[in-house]
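Peer 1: All letters in the sequence shown, in the order written, are residues -22 to -1, 1 to 236 by mature numbering (1 follows the signal peptide of the UniProt record, and there is no 0).
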Amino acid sequence: MRARTACLWALVLLGLALQALGTPSCATAETSDLSVSPTTLDIRESFRGAPVAISAEIPQGASAVLEVRGVAHEDHLLRQGRRGGLWMSVGEVTVHGAPSVYYLLSTLDLHSHSDIASRWGYNALQKQTEFQGAIPREGSGELFEQLVKLKENEGLYGVFPKSLKLTGTSKDKSTLEGQLTFPSNIPPGNYRIVLSVLNSGKLLEQKSFELTVEMSGLPGLLASLANEHAALYGLIAVVIAIVTGFVTGFLFKSKGAH
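#1: How far does the beta strand (DSSP E) with Glu123 in it extend, from its first residue to its last?
#2: Please list, in chain order, all residues of the same chain as Ala34 whose beta carbon is under 7 Å from its beta carbon, the five residues on each side excluded.
#3: What's the gap between the Cα of Leu64 and the Cα of Leu56?
#4: Could you give the DSSP three-state label for Lys105: helix, strand or coil?
#5: Do you know offhand how far Ala219's Cα is from Gly227's?
#6: Pull up the CB-CB distance for Thr145 and Gln38, whole angstroms please, since I reckon it's below 8 Å.
#7: Please return the same chain residues whose Cβ sits closer than 7 Å to the Cβ of Val216, not counting the five positions on each side in sequence.
#8: Please list the terminal residues of the continuous alpha helix (DSSP H) segment that includes Ile94.
#9: Given a threshold of 16 other Cβ atoms within 10 Å of its Cβ, counted over all protein chains shown, does Phe138 qualify as buried or as exposed?
#10: Does the beta carbon of Ser33 come closer than 8 Å to any beta carbon on chain D?
#11: I'd like to know whether the C-beta atoms of Lys140 and Leu86 end up nearer to each other than 8 Å.
#12: Are Glu45 and Val73 touching if we call contact CB-CB under 8 Å?
#13: Is it buried or exposed, Pro161, if we count other Cβ atoms within 10 angstroms and call 16 or more buried?
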């Protein structure tokens, strides 16, 4: 009887999960001649990352730089260093001004255009980022490099030169296309997409759009419970853990009996 009840609980939980399955929104937004699709990413059980397609029309002969930024917030990191020949945590560093997510796509190789690289990409991002706490002797430059490596390993930072392609031209316009895949660990929030159109390194115009990443379905419900009803969330977590443990133990016990 207890095993049957536990199995019913498991089926109920499985049904909730299946009901919450879904895919990202397929709506498309256009700001002037900047097109973004989809406009909203829904984080559900099936979410394993999602591509975002971007297209625009720019003047013929122009180049472009596209940035995607998450909200900048205060972050706390443990700095690693050598003590007695061993690597260990040597202090905490507080990071200010660094966006939670940063991607850059361009039609150009930024390394070949130092004037552009100084205004966009990691060089420009470093000027906006401040560090406090256990600063190494080498200064904050080393900390910024470590921050970028950490974020790149998490899939939350990336610079992709020549990833924007000019696919067609008319009399005075070129069609610009690019695609960026948001990873499965993308944080919920609003992301600002800014397309800068350049001619011989000079800024001609900027077009922007705000992409929304939100949790929905069962993940959204659990996040809402965790933030607004912590006690109920804790109780549900305990019940799920007990039921899961009981079902697992019962199944192994049944196999052992054979």
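Glycine is no exception: its CB is placed at the ideal position from the N, C-alpha and C atoms. Owing to the predicted nature of the structure, the values given are computational and were not obtained by experimental measurement.
Peer 2: This is what the structure holds:
#1: Residue mapping note: residue 123 aligns to position 145 of the sequence shown, counting from 1. Here Glu123 belongs to no beta strand (DSSP E); instead the alpha helix (DSSP H) covers Ser118 to Asn131.
#2: For this step, residue 34 is matched to residue 56 along the sequence shown. Excluding positions up to five away in sequence, the list reads Asp11, Leu12, Ser13, Leu154, Leu173 and Lys185.
#3: For the purposes of this step, residue 64 is taken as residue 86 along the sequence shown, with counting starting at 1. For the purposes of this step, residue 56 is taken as residue 78 along the sequence shown, with counting starting at 1. One C-alpha to the other measures close to 15 Å.
#4: Here the question's residue 105 lines up with position 127 in the sequence shown. Looking at Lys105 - three-state DSSP - the assignment turns out to be helix.
#5: For this step, residue 219 is matched to residue 241 along the sequence shown. For this step, residue 227 is matched to residue 249 along the sequence shown. The straight-line gap from Cα to Cα measures roughly 12 Å.
#6: What you label residue 145 is simply residue 167 of the sequence shown in a count that begins at 1. What you label residue 38 is simply residue 60 of the sequence shown in a count that begins at 1. In fact, because the Cβ distance is near 13 Å, the residues do not count as touching under 8 Å.
#7: In the sequence shown, residue 216 corresponds to position 238, counting from 1. None.
#8: For the purposes of this step, residue 94 is identified with residue 116 of the sequence shown, where counting begins at 1. Looking at the DSSP string, the run of the alpha helix (DSSP H) that includes Ile94 is Ser92 to Ala95.
#9: Looking up residue 138 in the sequence shown gives position 160. By the 10 Å Cβ count, Phe138 comes out exposed.
#10: The displayed structure is made up of one protein chain only, and chain D is not part of it.
#11: Taking the sequence shown and counting its residues from 1, one reaches residue 140 at position 162. Taking the sequence shown and counting its residues from 1, one reaches residue 86 at position 108. Yes, the Cβ-Cβ distance between Lys140 and Leu86 is below 8 Å.
#12: Within the sequence shown, residue 45 is the residue found at index 67, counting from 1. Within the sequence shown, residue 73 is the residue found at index 95, counting from 1. Against a cut-off of 8 Å, the Cβ pair of Val73 and Glu45 comes out as no contact.
#13: By 1-based counting over the sequence shown, the position of residue 161 is 183. That one is exposed.
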